[in-house]
């Protein structure tokens, strides 16, 4: 048995997420010590990634961002049944959805951090225009491949805050975090100075929220974050409906910004979650910056303490 045999097995097993050591061993009928030596060599050469303590994946099969299975299923439901969820008028008002993707870097990150923004921008076509679910998802993947994670936006408050997250959790790059938004849709036309779906009548807003609930839950289940950072500010109430059946989440304040802070309710096995202002909000002040920094420090300290306790 050779290194090429290991590569062949990972290819046959379509290890785009990861394959356990024992499964590779069973497929090749190879001794543990022999397989360990080969995999260690392939990992050192960058051909194979050690995606967890006992699981491996082929670098070439994991280099592209992917739509996770649960998220794909949720989007397929939303797109296929959009006429059931939304009125014809609303189908023409709201955009095609932003589809969040899991990067190769996130899957191999030392700590899994999910960053949740408020809303989607830049989607210009009406939701009603999607013809093929698979084509739309594939187009979204190709478009995301060209995305540079704000590298050309030097003065953006949002990306400055994103970099703070990267720094606090010692992530190698922005791509090592999972980024999504509360709302995956926007309005096609400006309502005043905004394309936010918060400009819709309250009944339509709740319709949009209910339609996206299972999608948001699928994101958390599939990405399995250690920490969730909600840059959601005044939209944080949406989480009550996504995560707590419409009942208000328990949030522990750390200062006078009493509606934001540490989310006390554990959900979907993610023990650390905080909510703070969106970095791009109007009225950006030092108090907002300090509030975010204090929450990020709390999250990082709690995560590192929990990791130390496991050793």
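Numbering (the working numbering), first residue to last: 8 to 318. Virtual Cβ for every residue (Gly too), placed ideally from N, Cα, C.
Sheet register partners of residue i (DSSP bridge)
i           : result
residue 238 : 283
residue 187 : 123
residue 133 : 102
residue 194 : 101
residue 73  : 109
For residue i, the first and last residue of its enclosing alpha helix (DSSP H)
i           : result
residue 148 : 140-152
residue 167 : 164-175
residue 291 : Careful: residue 291 lies outside any alpha helix (DSSP H) and carries neither H nor E.
residue 214 : 209-230
residue 86  : 76-87
Bounding residues of the beta strand (DSSP E) (the contiguous stretch that carries residue i)
i           : result
residue 120 : 120-124
Distance between beta carbons of residue j and residue i, contact taken as under 8 angstroms
i           : j           : result
residue 270 : residue 281 : 7 angstroms
residue 201 : residue 212 : That belief does not hold up - the Cβ atoms of residue 201 and residue 212 are roughly 13 angstroms apart, past 8 angstroms.
residue 181 : residue 154 : At roughly 10 angstroms, the Cβ-Cβ gap does not stay under 8 angstroms, so residue 181 and residue 154 are not in contact.
residue 188 : residue 72  : No, residue 188 and residue 72 are not in contact; Cβ-Cβ is about 16 angstroms, not under 8 angstroms.
residue 113 : residue 183 : 6 angstroms
residue 121 : residue 185 : 5 angstroms
residue 176 : residue 307 : 6 angstroms
residue 133 : residue 98  : 7 angstroms
residue 268 : residue 259 : 5 angstroms
residue 272 : residue 302 : About 16 angstroms; that fails the 8 angstroms criterion.
residue 286 : residue 143 : With 8 angstroms as the limit, residue 286 and residue 143 do not qualify as a contact, their Cβ atoms being about 29 angstroms apart.
residue 49  : residue 31  : 11 angstroms between Cβ atoms; not a contact.
At what residue ranges does the region 245-280 contain a whole run of the alpha helix (DSSP H), taking only runs of 4 or more?
-> 245-250
Segment contact flag, the region 142-162 with the region 103-115, C-beta cutoff 8 angstroms, min 3 pairs | yes
At least three beta-carbon pairs within less than 8 angstroms, the region 223-243 to the region 304-317 = yes
Determine contact between the region 112-129 and the region 182-196, defined as no fewer than three beta-carbon pairs at a distance below 8 angstroms.
-> A contact is defined here as three or more CB-CB pairs under 8 angstroms, and the region 112-129 meets this definition with respect to the region 182-196.
Contact the region 284-300 vs the region 245-257: 3+ CB pairs below 8 angstroms | no
Is the number of C-beta pairs between the region 133-142 and the region 217-227 that are closer than 8 angstroms three or more?
-> no
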